[in-house]
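Residue numbers for the first sequence follow this note's numbering, beginning at 1 and rising by one. For glycine and all other residues, C-beta sits at the position ideal for the given N, C-alpha and C. Values in this document were obtained by computation on a predicted structure and should not be read as measured data.
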Amino acid sequence: MLDIRALRSNGAAIRDALARRGVELDLQAFETLDGERKQADIRSQELQARRKSASREIGNLVQSGISVDEAKARVAETLKEIDEQLDQEVARAQAIHQQIEEMLMGVPNPPQDVVPDGLSEDDNVEIRRWGEPRSFEFDVRDHVDVGEGLAGGHLDFDAASKLSGARFAVMTGGLARMHRALVDLMLDLHTSSHGYQEIYVPYLVGPDALRGTGQLPKFEEDLFRIAGERELYLIPTAEVPVTNMAAGEILDADALPRRFVCHTPCFRSEAGSHGRDTRGMIRQHQFEKVELVQMVRPDQSTQALEELTAHAEAVLQALALPYRVVDLCAGDLGFSASRTFDIEVWLPSQQTYREISSCSNFLDFQARRMQARWRNPETGKPEPLHTINGSGLAVGRTLVAILENYQNADGSVTVPEALRPYMRGLETLEAR
RNA sequence: GGAGGGGUGGCAGAGUGGUCGAAUGCAGCGGUCUUGAAAACCGCCGGGGUUUAACGACUCCCGUGGGUUCGAAUCCCACCCCCUCCGCCA
Numbered sequence: 001m002l003d004i005r006a007l008r009s010n011g012a013a014i015r016d017a018l019a020r021r022g023v024e025l026d027l028q029a030f031e032t033l034d035g036e037r038k039q040a041d042i043r044s045q046e047l048q049a050r051r052k053s054a055s056r057e058i059g060n061l062v063q064s065g066i067s068v069d070e071a072k073a074r075v076a077e078t079l080k081e082i083d084e085q086l087d088q089e090v091a092r093a094q095a096i097h098q099q100i101e102e103m104l105m106g107v108p109n110p111p112q113d114v115v116p117d118g119l120s121e122d123d124n125v126e127i128r129r130w131g132e133p134r135s136f137e138f139d140v141r142d143h144v145d146v147g148e149g150l151a152g153g154h155l156d157f158d159a160a161s162k163l164s165g166a167r168f169a170v171m172t173g174g175l176a177r178m179h180r181a182l183v184d185l186m187l188d189l190h191t192s193s194h195g196y197q198e199i200y201v202p203y204l205v206g207p208d209a210l211r212g213t214g215q216l217p218k219f220e221e222d223l224f225r226i227a228g229e230r231e232l233y234l235i236p237t238a239e240v241p242v243t244n245m246a247a248g249e250i251l252d253a254d255a256l257p258r259r260f261v262c263h264t265p266c267f268r269s270e271a272g273s274h275g276r277d278t279r280g281m282i283r284q285h286q287f288e289k290v291e292l293v294q295m296v297r298p299d300q301s302t303q304a305l306e307e308l309t310a311h312a313e314a315v316l317q318a319l320a321l322p323y324r325v326v327d328l329c330a331g332d333l334g335f336s337a338s339r340t341f342d343i344e345v346w347l348p349s350q351q352t353y354r355e356i357s358s359c360s361n362f363l364d365f366q367a368r369r370m371q372a373r374w375r376n377p378e379t380g381k382p383e384p385l386h387t388i389n390g391s392g393l394a395v396g397r398t399l400v401a402i403l404e405n406y407q408n409a410d411g412s413v414t415v416p417e418a419l420r421p422y423m424r425g426l427e428t429l430e431a432r
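Now the structure itself:
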């Protein structure tokens, strides 16, 4: 959520920054509403103050032996005025506050100044590449053909569609094991080498958590909501439950940074992406992800984003998968992000790099929505902290990348060396 | 699913209609004392908002939302959460 004080004192700069991502902020409307709010606050608070002192006076009179009716009669004028106006004015002020809240909750995070200009992914800026895409001396097949052709366990979209329809996958045998091994490798790497604490969280969350990270109120159609009396949603990413661990908290300065790594399934309706990536397991309603989440002091978040991105890259380096890192342009940023580095892995079948991780600095945007704060020793006051997260990595897409990059002419797949200890030394997934 | 108990400041824990945003203890912060530390003693010490250059002033918040009342932490209703016992269960 935007900082309402910053909006009052520096609205034009925020409006201009938002314009870079193609969002028009109606400053005039905000200022009008905020002005009404001020009037309503002053009036309702004044009335409340009068009621308070009148009540207090009645109390004093009653205690000095005067009857309640008599005491009320002595402040009758104030009581009448209160009776006529107070409820109405308080309700008015409340309604305006709610309107402002709704307005602010719908506005995305302004991009940082360093974010490149541009309105679509075409304007993203590549900032580095790692690894050399392999040259194949045979016709490469995509991960669907490779996966479906494996012996001793394979990729089975027919079975998945029988169970759940489109955009789901079934994996069996060695392939399922490799999928599980990837999760294990990632968790081990981040906990033992990068200083993250592993955390297990619910896969169903309530609306407050989703508002906190920014999925609600604007993007409900991207979520799966479960039937039943309680308002619960399947998590679209572990970011939601993990970041909201800090909701409503005031953390001590020495408790920061907090670093969590969390493996969960993720559930996305993919509304609005019909026809995109319909083949294979690039875009699924359900996929596994290992997520990195950090809560940091505001002066550390820029550096923390660089580090977190490197932590995600380390997984691809361990697996020797070629990738590049892209600095997202203003128009391609997610709703809550102020800056994002996408990591894209090389997919030989598409002869292109595809997103496998998205690492973002949210600054205090999410923290303000969920009231996640730290106590700044310099001011002694609670202040919003900064949140950062990124995939480390999307497991399904990592598996896709391995199937494609490690495929052999005979249809088998070599198991990356780093993964072998997690697969009891298995070196190859054989072809049928 | 049945029966009962309970949600108050970082924690513990008083408060059952009137200067209560709230006793007390612990923790924390500052100070006195001390070579230093501990102990002792003194002081400070919840959060949001409005207003102010600032000091300050005002207002809201005692699980959440309604209600009763001149006045609600305290009474009433609904919901949520936690605990204990019984039943069921991965």
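Pair within 7 Å by beta-carbon distance, residue i and residue j
| i | j | result |
| --- | --- | --- |
| residue 78 | residue 54 | yes |
| residue 307 | residue 262 | no |
| residue 384 | residue 364 | yes |
| residue 256 | residue 296 | yes |
| residue 51 | residue 82 | yes |
| residue 355 | residue 324 | no |
| residue 361 | residue 391 | no |
| residue 269 | residue 222 | yes |
| residue 331 | residue 118 | yes |
| residue 181 | residue 212 | no |
| residue 92 | residue 40 | yes |
| residue 14 | residue 110 | yes |
| residue 404 | residue 347 | yes |
| residue 429 | residue 174 | yes |
| residue 359 | residue 312 | yes |
| residue 202 | residue 216 | no |
| residue 131 | residue 377 | no |
| residue 27 | residue 11 | yes |
Simplified DSSP state of residue i, which is helix, strand or coil
| i | result |
| --- | --- |
| residue 86 | helix |
| residue 362 | strand |
| residue 125 | strand |
| residue 179 | helix |
| residue 294 | strand |
| residue 376 | coil |
| residue 250 | strand |
| residue 171 | strand |
| residue 278 | coil |
| residue 351 | coil |
| residue 386 | strand |
| residue 371 | coil |
| residue 28 | helix |
| residue 392 | strand |
| residue 154 | coil |
| residue 78 | helix |
| residue 436 | For residue 436 there is no data in the structure shown, the boundaries of the chain being 1 and 432. |
| residue 322 | coil |
| residue 5 | helix |
| residue 357 | strand |
Residue closest to residue i, alpha-carbon to alpha-carbon, out of the options
| i | options | result |
| --- | --- | --- |
| residue 179 | 305, 34 and 397 | 397 |
| residue 293 | 258, 326 and 317 | 258 |
| residue 431 | 412, 423 and 420 | 412 |
| residue 314 | 215, 190, 99 and 139 | 190 |
| residue 101 | 149, 37 and 131 | 37 |
| residue 120 | 333, 388 and 389 | 333 |
| residue 275 | 399, 166, 34 and 9 | 166 |
| residue 516 | 285, 209, 150 and 192 | Given a span of 1 to 432 for the chain in the structure shown, any question on residue 516 remains unanswerable. |
| residue 408 | 188, 271, 67 and 145 | 145 |
| residue 123 | 216, 329 and 19 | 329 |
| residue 299 | 242, 220 and 386 | 386 |
Same chain, Cβ closer than 8 Å to residue i, five either side skipped, listed in chain order
| i | result |
| --- | --- |
| residue 252 | 374 and 375 |
| residue 273 | 283 |
| residue 86 | 44, 47, 48 and 51 |
| residue 226 | 204, 232, 233 and 234 |
Whole-Å CB distance - residue i paired with residue j, under 8 Å assumed
| i | j | result |
| --- | --- | --- |
| residue 218 | residue 335 | 7 Å |
| residue 2 | residue 104 | 5 Å |
| residue 423 | residue 21 | Wrong, their Cβ atoms sit about 43 Å apart, outside the cutoff. |
| residue 185 | residue 418 | 6 Å |
| residue 468 | residue 305 | Lying before the first or after the last residue shown, residue 468 is absent from the chain, which here runs from 1 to 432. |
| residue 341 | residue 302 | With a Cβ gap of about 12 Å, residue 341 and residue 302 do not count as contacting. |
6 Å Cβ shell around residue i - same chain, five flanking residues per side excluded
| i | result |
| --- | --- |
| residue 160 | 168, 169 and 170 |
| residue 195 | 259 |
| residue 125 | 116 and 327 |
| residue 142 | 349 |
| residue 280 | 143 and 144 |
Cβ shell of residue i (< 7 Å), same chain only, five flanking positions each side left out
| i | result |
| --- | --- |
| residue 289 | 237, 238, 264, 266, 391, 394 and 395 |
| residue 368 | 1, 3 and 384 |
| residue 17 | 110 and 111 |
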